[in-house]
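Working notes, beginning with the structure itself.
Structure (structure tokens):
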């Protein structure tokens, strides 16, 4: 019942835009938001006239019956059309194929009231697509078009596309031909963002003459060529499609006369060493670089004043990496080799190295390649840890953690399966929290004066006692408080060698670290 004072209905007197904000921006689901109609007589109309219509037929395992779902959508759309109310957003995700005939009418109604954002997620339960009605191409005021499991059926010779206001186009698992895609792009003079994922029907993508295009992502589409000419392009992402177990090679050519490209992401690309060098020669302003599974790359040599963040993952043919980038602040590497020969580490703030051997290779703790181990040692020694950096090593083979705070002497566990972090000491809670998800056995700490790590451990111990640490708890309350998987933390000082007997402790005792290290054992609840 609406709250009233001296007969005044205060809820009904709220400004309309505030009521719409409550209905559209809170975390209420569709049914809960509809129930707000009982708050006041006027709220029923406000519910129907809200500017953002978001409809999901399913939530987890629950699904709204088809007849009820149709009524939920028909009412608000009818009000918008009858009163000519602007529709900011129409979002529809559905599961029943029987809704396809209704969808044509709903899209027509949304476009009639100048919808700005149109999002359609058709079901993925079979191999069929929802065929888009021709009225879509007459959406003169459309700002964003996001389609999933839809099919373009229009005739390029007779259909007039009026996407003059479209700035964002997202196509996920959509069926569209080369000619149709070209026709759509050509009719989007204001387009700024294009993202196509796992689309069918295309063999090439030409994006030419788009003066305002800033971001282009082409992911998992079986294409033979991608040609881009966009003078303001800032970000390009490409993920090569896998065809019958192998990457499908694609020729990529980006023409950027103004050198605006700042972010380059390539996954599974067939780019060669020479082509990669040409990219950096052509685009000297690249600041963010991501290379994943680029299987032809062997030698990466980069000289750049702009490069700031680098991710190199699973480059199976890589032999040598040389990066001279004085402004490089972050690097992330995954692979089975140690290919870094030289690097300017003067500005580096965060480093992650994740080493792993192929599954077919069996390697025991202590059995490491001497060249690999020497290169790794040289790499981690090359940092100025006095600037507030610390070294964290997670040995995946033994599930143990070794933490150096402001290290002067560094010894790396002799294992090919290690994950190494060089990060600011202020990030210790985040790093420890993420590593604890691996359920480590022992944490060994070489502390500095006024150790930050040793100060964090009491909070972790309170988590094991199921104490409520409040907002200041640096660890995940869901992981530690709800699931209670970490049962106890034991300081190993005074612990008998029988309890501490392990490959890890044996290695520590064989090094100069044993007299300087603080060891803590973790006891975990048995997994079901």
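In my numbering, the protein residues as written are 1317 to 1844. Glycine included, C-beta positions come from ideal geometry on N, C-alpha and C. Just so we're clear, the structure is a prediction, and the values are computed from it rather than from any experiment.
In the structure shown, what three-state DSSP assignment does residue i receive?
i	result
residue 1591	helix
residue 1830	coil
residue 1378	strand
residue 1802	strand
residue 1401	coil
residue 1321	Caution is warranted here: a pLDDT of 46 is assigned to residue 1321, below 50, making its placement in the model unreliable, and no coordinate value can be reported.
residue 1691	helix
residue 1797	Since pLDDT at residue 1797 reaches only 49, below the 50 mark, its modelled position is unreliable, and no value is offered.
residue 1787	The predicted model places residue 1787 with a pLDDT of 49, which falls under 50 and marks its position as unreliable; any figure quoted below should be read in that light. Note: residue 1787 maps to helix in three-state DSSP.
residue 1740	strand
residue 1385	helix
residue 1440	coil
residue 1446	strand
residue 1467	strand
residue 1746	helix
residue 1753	helix
residue 1564	coil
residue 1410	coil
residue 1473	coil
residue 1703	helix
residue 1452	helix
residue 1521	strand
residue 1770	helix
residue 1776	helix
residue 1841	coil
residue 1549	coil
residue 1393	helix
residue 1574	coil
residue 1479	coil
residue 1596	helix
residue 1506	coil
Check this for me: beta carbons of residue i and residue j, under 8 Å apart or not?
i	j	result
residue 1575	residue 1599	yes
residue 1734	residue 1712	yes
residue 1719	residue 1654	no
residue 1611	residue 1671	no
residue 1552	residue 1580	yes
residue 1616	residue 1637	yes
residue 1757	residue 1716	yes
residue 1403	residue 1369	yes
residue 1409	residue 1427	no
residue 1463	residue 1487	yes
residue 1645	residue 1622	no
residue 1397	residue 1429	yes
residue 1411	residue 1470	no
residue 1590	residue 1618	no
residue 1740	residue 1770	no
residue 1751	residue 1726	no
residue 1748	residue 1737	no
residue 1755	residue 1820	no
residue 1609	residue 1583	yes
DSSP beta-bridge partners for residue i?
i	result
residue 1528	Note: residue 1528 sits in no beta bridge, so no partner.
residue 1555	1535 and 1583
residue 1615	1636
residue 1650	1629 and 1670
residue 1710	1717 and 1735
residue 1602	According to DSSP, residue 1602 bridges with nothing at all.
residue 1807	1836
residue 1433	1405 and 1460
residue 1607	1582 and 1628
residue 1516	1491
What residue range is occupied by the uninterrupted beta strand (DSSP E) comprising residue i?
i	result
residue 1656	1656-1659
residue 1484	1484-1488
residue 1567	1567-1571
residue 1663	Counting along the chain, residue 1663 falls outside any beta strand (DSSP E), and DSSP gives it neither H nor E.
residue 1510	1509-1513
residue 1543	1541-1545
Output the boundary residues of the alpha helix (DSSP H) element that contains residue i.
i	result
residue 1426	1416-1428
residue 1759	No alpha helix (DSSP H) holds residue 1759; the beta strand (DSSP E) holding it covers 1758-1762.
residue 1494	1494-1502
residue 1369	No alpha helix (DSSP H) contains residue 1369, which is instead part of the beta strand (DSSP E) from 1368-1372.
residue 1822	1819-1825
Does the beta carbon of residue i fall short of 7 Å from some heavy atom of the ligand MN?
i	result
residue 1519	The ligand MN is not part of the structure shown, which contains no ligands of any sort.
Report back the beta-carbon spacing between residue i and residue j to the nearest angstrom; my notes put them in contact at under 8 Å.
i	j	result
residue 1507	residue 1501	7 Å
residue 1413	residue 1445	The pair is not a contact, with the Cβ atoms about 11 Å apart (cut-off 8 Å).
Would you say residue i reaches chain C, if we count a Cβ-Cβ gap shorter than 8 Å as a contact?
i	result
residue 1767	Protein chains in the displayed structure number just one, and chain C is not present.
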